[in-house]
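Those protein sequence lines, which keep their order, are chains A and B.
Quick note: the first sequence uses this note's numbering, first residue 1, plus one each step.
Quick note: the second sequence uses this note's numbering, first residue 1001, plus one each step.
Yeah, the Cβ is synthetic: ideal placement off N, Cα and C, and Gly gets one too.
All remarks here apply to the structure that follows.
Protein chains: 2
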Amino acid sequence: MSDLLERLRGRGWRMTSQRRVVAEVLDGDHVHFTADEVHTRAAQRLPEISRATVYNTLGELVALGEVIEVATDGRAKRYDPNAHHPHQHLVCSGCGTVRDVHPARDPLADLPAEERFGFTVSRAEVTYRGLCPSCA
Amino acid sequence: MSDLLERLRGRGWRMTSQRRVVAEVLDGDHVHFTADEVHTRAAQRLPEISRATVYNTLGELVALGEVIEVATDGRAKRYDPNAHHPHQHLVCSGCGTVRDVHPARDPLADLPAEERFGFTVSRAEVTYRGLCPSCA
DNA sequence: ATCCTACGATGGACAGGTTCTAAGTCAAGA
DNA sequence: TCTTGACTTAGAACCTGTCCATCGTAGGAT
């Protein structure tokens, strides 16, 4: 993720301690935090960081394509830093855990033109639902 | 949809005028109202119906599997009474409109066993995103 | 090294969507 | 008809997310 910081600096980002901490929180595999969870974890390192800053930074990361916004349920959005390899999500209906998964085919390819109703379809998000081994 | 009322009564539901009106509002094809829209339309028939009752009833219908909850993008959830015929959703990123669509393949079939991580996967929800003709 | 200043951070107000609570009402079984 | 607990109500509370005015500071200029 430190090359994320490099990329951002290369794009003219002013590198502040707040942005660094948010990027560090999102570092790591299989992480799907809500904005509030990111804020809580960031605040452990930088207690005075504000929620607005976390929202701003996450929004910028999404706009830059470095992070993906995932709406797994009607509740808070989750932020997925694994933006450079296309994937979908497997969600446990019991505990809410999210795993990245890789279907065999691109789901966009399976929506025929006559089922697009004139829409310009740009992406397909698949949420597989079921029970994880612990909850089953 | 009147057999919906029958099914609900059969499951021990107390049949109130409020629940009847909510079920009637959801009747019909290609309907994807928000809770607030359901409330507005229900209130045309039953002016004193409260928002809480609409939310309660919608939640119960979802729990019973009679209605599907569709999470659009940070906006209000939409409620889809077409729960008995498998389909997916096409959402306009501009205005939030939802259309039912039918992909050529069952997306569940495209998640290989080694990508299931021991989960018991029961369903796949696909949300296609793009711009509708008016928003494009 | 210090100064400037535009960009970023802050926190508090605000808004939309949803859930909760306490009190009153009524469907349906006895 | 009576009784009772499930249902409804209004409004407060809550959660997620955005906006605003003000303050602070990163990083280029000097």
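1) Using a C-beta to C-beta distance shorter than 7 Å, which residues of chain B count as neighbours of residue 110 (chain A)?
2) Helix or strand or just coil, what does DSSP make of residue 1125 (chain B)?
3) For the segment 1053–1069 of chain B, which residues have a CB atom closer than 8 Å to at least one CB atom of chain A, in sequence order?
4) Just to confirm, are residue 1127 (chain B) and residue 1089 (chain B) a CB contact at a threshold of 9 Å?
5) Let me know the alpha helix (DSSP H) ranges lying completely inside the segment 44–120 of chain A, each 4 residues or longer, listed in chain order.
6) Using a cut-off of 9 Å between C-beta atoms, extract the partners of residue 79 (chain A) located in chain B.
7) How about residue 54 (chain A) and residue 71 (chain A): are their beta carbons less than 9 Å apart?
8) Grab me the residues of residue 1069 (chain B)'s own chain with a C-beta within less than 7 Å of its C-beta, minus the 5 sequence neighbours each way, in chain order.
9) Following the continuous alpha helix (DSSP H) through residue 23 (chain A), name the residue where it begins and the one where it ends.
10) Check whether chain A comes within 9 Å of residue 1019 (chain B), counting only Cβ atoms and requiring the distance to be less than that.
11) Quick one: what's got a C-beta closer than 7 Å to residue 31 (chain A)'s C-beta in the same chain, skipping five residues either side?
12) So, at 6 Å on beta carbons, what are the nonlocal neighbours of residue 1000 (chain B) in its own chain, with the 5 sequence-adjacent residues on each side left out?
13) Is the CB-CB distance between residue 1067 (chain B) and residue 1129 (chain B) below 9 Å?
14) Could you give the distance in angstroms between the alpha-carbon of residue 132 (chain A) and the alpha-carbon of residue 1117 (chain B)?
By the coordinates alone:
1) Those are 1103, 1104, 1105, listed as they occur along chain B.
2) Strand, per DSSP.
3) Residues 1069.
4) The criterion of a C-beta distance shorter than 9 Å is satisfied by residue 1127 (chain B) and residue 1089 (chain B).
5) Counting only unbroken stretches of 4 or more residues, the alpha helix (DSSP H) elements lying wholly within the segment 44–120 of chain A are 51–63, in sequence order.
6) Chain B residues near residue 79 (chain A): none, gap ~13 Å exceeds 9 Å.
7) Cβ distance not < 9 Å, so residue 54 (chain A) and residue 71 (chain A) don't count as in contact.
8) Closer than 7 Å at the Cβ level, and outside the excluded window around residue 1069 (chain B), lie 1062, 1077, 1079.
9) From DSSP, the alpha helix (DSSP H) with residue 23 (chain A) extends over 17–26.
10) Closer than 9 Å: no.
11) Same-chain partners within the cutoff: 81.
12) Nothing in the structure corresponds to residue 1000 (chain B), since chain B is present only between 1001 and 1136.
13) No Cβ-Cβ contact shorter than 9 Å links residue 1067 (chain B) with residue 1129 (chain B).
14) Rounded to whole angstroms, residue 132 (chain A) to residue 1117 (chain B) spans 8 Å at the Cα level.
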